[in-house]
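Line by line, the protein sequences give chains D and U.
Counting in my numbering, the first sequence tops out at residue 133, every number present.
Counting in my numbering, the second sequence tops out at residue 1095, every number present.
Written below as structure tokens is the structure these notes are about.
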Amino acid sequence: MGRFRFVEPAIDRLPLSDGDYLDVKRELTTGEQRAMFVDMRRRFAPGETPMLDPMQVGIARLLAYVVAWSLVDKDNRPVPVSAGAIDQLHPDEFNEMRVALDDHEQRQETARSEEKKRRGTVTTSDRALQSVG
Amino acid sequence: MLDDGFAVRGVTAEIRWAYFVAAKIGGYTVTRAGKGIGARWSVTGTITESNAYNLAQRPLVFIAPHKAGAWHWPIESFTPGDGGRFVARLGSPID
């Protein structure tokens, strides 16, 4: 019997300073990852090479991962996760979230590597990387 | 929560498996037969967009937005029909 290869929905809570948190997807699916990359690109005309838009990279990544957060407005009302809300964050707060998400992605990458080692498998993409390196 | 005899019609709603959108709904009617704990809930509507993999997973939840948030019902059974139409038996609304 084959191996289960789909993403199971799982949410991890990433603690922020002062008791706040981000609830993020443990892993993105292929579709979510594709959509995130599309959101990161600068608009381009047919025939032009797509380029990453630095204005959108961090926001697109947060929007792809974050399903909820504990952030509230000045009147203590919950603020829904949105591109607009992220744009209104203080740069230091945004950076704290970016670092938390970096760490989360690194943990998942390590977990996947460990799982591959445990299975003793090398995937086609691994072989391609080895041949390039 | 919801008043006795509650029924609602709406334009947009979603069916989700965990946080994944399994289907987007364009036009639906949620009805309730009976009252109290024995009330039986159901929804009919039209699917405008779906992800077959996610729709085949369980449990599914029907989510209908309203002014202050959204109502959530667990889907107990889901029956697709012609032209994107569907019928689902719902559990009691989730707070």
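C-beta: ideal position from N, C-alpha, C; glycine also.
query, result
"What number of angstroms, rounded off, separates the C-alpha of V1021(U) from the C-alpha of K1035(U)?", "30 Å"
"Near R42(D), what residues of its chain come up, given a Cβ to Cβ distance below 6 Å and the 5 sequence neighbours on each side ignored?", "M51, D53"
"What are the residues in the segment 59-78 of chain D lying within 8 Å of chain U by C-beta distance?", "V67"
"Indicate the three-state DSSP secondary structure (helix, strand or coil) for A60(D) in the structure shown.", "helix"
"With a CB to CB cut of under 7 Å and the five nearest residues on each side skipped, what residues in its chain are close to T29(D)?", "V7"
"Determine which residues of the segment 1016-1040 of chain U have a Cβ less than 9 Å from any Cβ of chain D, and write them out in chain order.", "W1017, A1018, Y1019, F1020"
"Can you check which of these residues, L1090(U), G1069(U), R1040(U), is closest to V1115(U) by C-alpha distance?", "The question about residue 1115(U) has no answer, for chain U in this structure spans 1001 to 1095."
"Any contact of the segment 1049-1057 of chain U with the segment 1068-1076 of chain U, i.e. 3+ C-beta pairs under 8 Å?", "no"
"Beta-carbon of T110(D) versus every beta-carbon of chain U: anything under 9 Å?", "no"
"Below 9 Å between beta carbons: does that hold for G1069(U) and I1047(U)?", "no"
"Are the CB atoms of V66(D) and V24(D) nearer to each other than 9 Å?", "yes"
"For P78(D), which of P9(D), Y21(D), R13(D), S17(D) has the nearest alpha-carbon?", "Y21(D)"
"Flag this pair as yes or no: are the beta carbons of V1030(U) and V1008(U) separated by less than 9 Å?", "yes"
"Which residue or residues does DSSP assign as beta-bridge partners of I1015(U)?", "A1023(U), F1062(U)"
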